[in-house]
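So the structure is just underneath, and the comments pick up after that.
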Amino acid sequence: MNTITSLLEKINNAKQLDFGSIFSEAIELYKKTWVQGFLLQIFTMVVMLPLIIVLYVPLIGLMVAQQESGYNDQEALSTFLGGMSVLYILFVVIGIFVLGTISLTLQASFFRIIKRMDYNEVVNTTDFFHFVKGKYLSKAFVLMLVSIGIVIPSALLCYLPLIYTMVPVSYFMLVFAFNPEFGTGDVVKASFKLGTKKWGGITIALFLVSYLCVFVISMITCGLGSLFLQAFLWHPAYLIYKKVVGFNETTDAIEEIGTAVE
Numbered sequence: 083m084n085t086i087t088s089l090l091e092k093i094n095n096a097k098q099l100d101f102g103s104i105f106s107e108a109i110e111l112y113k114k115t116w117v118q119g120f121l122l123q124i125f126t127m128v129v130m131l132p133l134i135i136v137l138y139v140p141l142i143g144l145m146v147a148q149q150e151s152g153y154n155d156q157e158a159l160s161t162f163l164g165g166m167s168v169l170y171i172l173f174v175v176i177g178i179f180v181l182g183t184i185s186l187t188l189q190a191s192f193f194r195i196i197k198r199m200d201y202n203e204v205v206n207t208t209d210f211f212h213f214v215k216g217k218y219l220s221k222a223f224v225l226m227l228v229s230i231g232i233v234i235p236s237a238l239l240c241y242l243p244l245i246y247t248m249v250p251v252s253y254f255m256l257v258f259a260f261n262p263e264f265g266t267g268d269v270v271k272a273s274f275k276l277g278t279k280k281w282g283g284i285t286i287a288l289f290l291v292s293y294l295c296v297f298v299i300s301m302i303t304c305g306l307g308s309l310f311l312q313a314f315l316w317h318p319a320y321l322i323y324k325k326v327v328g329f330n331e332t333t334d335a336i337e338e339i340g341t342a343v344e
């Protein structure tokens with residue numbers, strides 16, 4: 083088990099990483115995990131489905147009613163939005179935060195799945211919900227709030243600070259996944275240490291190249307490819323963590339003892 087001190091020391095003492103090596107390893111690892119990556123997208127869509135229904139069904143109903151009546155009221159949308167109650171808006175906002183938190187825990191669980199498949203361990207579908215538990219949900223919720231508190235001001239400052247902060251923020255769930263015992267402050271501290279330590283070149287370069295590949299293939303396949311390739315974006319980050327921090331296999335094995343077989 084890492085302590086925040088030992089983790090920061092590992093980051094400080096880490097050797098330089100090779101872009102080509104990590105990218106090629108990410109592709110090979112993705113060949114093992116692409117099915118789980120697809121399931122992650124499906125589970126995330128299912129989680130967000132209630133919010134989509136609440137947001138869009140009333141609007142779609144309004145549009146259908148206008149089409150059936152043959153009367154196109156340009157002010158109907160404004161009237162409809164203006165008529166929304168405070169309770170409805172509050173319900174939607176709470177839904178966004180709750181479902182967003184669950185989505186983050188699914189992402190953290192996926193990092194754990196990547197690690198298990200990387201080490202040729204058995205993976206079950208229930209592993210996706212490893213962090214969907216009360217003690218983890220509360221921490222993921224706080225991390226989401228911290229992310230929002232960092233990203234929004236960064237974006238308002240002409241987007242330049244956002245380029246710097248987006249990498250450390252993207253490490254939040256990765257650090258949390260392998261150090262769930264850390265407090266929120268420790269997760270943020272370790273993420274910024276890891277993100278800024280490698281930010282100057284390899285992390286941002288890997289993210290941009292990976293995103294470009296996913297974007298191009300998604301465009302060619304009319305968006306269908308994103309269901310299978312979106313999860314690839316997390317593989318380079320996982321490999322950076324693996325090479326910089328590593329895993330205590332002895333500790334991990336001990337922690338698995340007594341865990342119910344899934």
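Per this note's numbering, the very first residue in the sequence shown carries number 83; after that it's consecutive. Beta carbons are placed, not taken as given, at the ideal position from N, Cα and C, and that holds for glycine.
Tell whether a beta-carbon distance below 8 Å holds between residue i and residue j.
i, j, result
"Thr-183", "Phe-213", "no"
"Gly-119", "Phe-310", "yes"
"Pro-250", "Phe-289", "no"
"Tyr-293", "Gly-277", "no"
"Glu-107", "Leu-321", "yes"
"Leu-242", "Ala-319", "no"
"Phe-179", "Phe-223", "yes"
"Leu-296", "Ile-93", "A small correction: the amino acid at residue 296 is Val; Leu does not occupy that position in the sequence shown. No, these two residues do not count as a Cβ contact at 8 Å."
"Val-298", "Val-270", "no"
"Leu-90", "Ala-272", "yes"
"Asn-84", "Asn-261", "yes"
"Leu-133", "Leu-99", "no"
"Phe-173", "Val-291", "no"
"Ile-135", "Asp-268", "no"
By the DSSP assignment, the alpha helix (DSSP H) with residue i in it spans what residues?
i, result
"Asp-200", "168–200"
"Thr-87", "86–95"
"Leu-315", "First-last for Leu-315: undefined, no H or E at that position."
"Leu-294", "284–302"
"Val-224", "216–238"
"Phe-210", "Run containing Phe-210: none; DSSP gives neither H nor E here."
"Phe-329", "Neither: Phe-329 is in no alpha helix (DSSP H) and is coded neither H nor E."
"Leu-244", "242–252"
Measure from the alpha carbon of residue i to the alpha carbon of each residue in the options, then state which is nearest.
i, options, result
"Ser-185", "Leu-121, Gly-328, Ala-96 and Lys-197", "Leu-121"
"Phe-125", "Phe-329, Glu-91 and Ala-313", "Ala-313"
"Asp-209", "Lys-113, Met-199 and Gly-216", "Met-199"
"Glu-263", "Lys-221, Ile-245, Val-296 and Thr-247", "Lys-221"
"Glu-110", "Ile-196, Asn-95, Ile-171 and Ala-190", "Ile-196"
"Leu-137", "Gln-123, Lys-113, Phe-329 and Val-175", "Val-175"
"Gly-283", "Ile-230, Asn-95, Ile-245 and Ile-171", "Ile-245"
"Lys-279", "Tyr-323, Gly-177, Gly-305 and Ser-236", "Tyr-323"
"Lys-114", "Val-204, Ala-190 and Val-168", "Val-204"
"Thr-207", "Arg-194, Tyr-218 and Leu-219", "Arg-194"
"Lys-217", "Phe-258, Tyr-112, Leu-169 and Phe-329", "Phe-258"
"Leu-219", "Gln-189, Thr-303 and Lys-97", "Gln-189"
Kindly give me the distance between the Cβ atoms of residue i and residue j, rounded to whole angstroms, as I take these residues to be in contact under 8 Å.
i, j, result
"Thr-285", "Leu-225", "In fact, because the Cβ distance is near 19 Å, the residues do not count as touching under 8 Å."
"Trp-116", "Phe-192", "Going by Cβ atoms, the distance from Trp-116 to Phe-192 rounds to 12 Å, so no, they are not a contact pair."
"Ile-232", "Thr-247", "5 Å"
Does the beta carbon of residue i sit closer than 8 Å to a beta carbon anywhere in chain E?
i, result
"Leu-172", "Among the chains in the structure shown there is no chain E, since it carries only a single protein chain."
Any heavy atom of the ligand SAH closer than 7 Å to the beta-carbon of residue i?
i, result
"Leu-111", "With respect to the ligand SAH, the structure offers nothing, as it holds no ligand at all."
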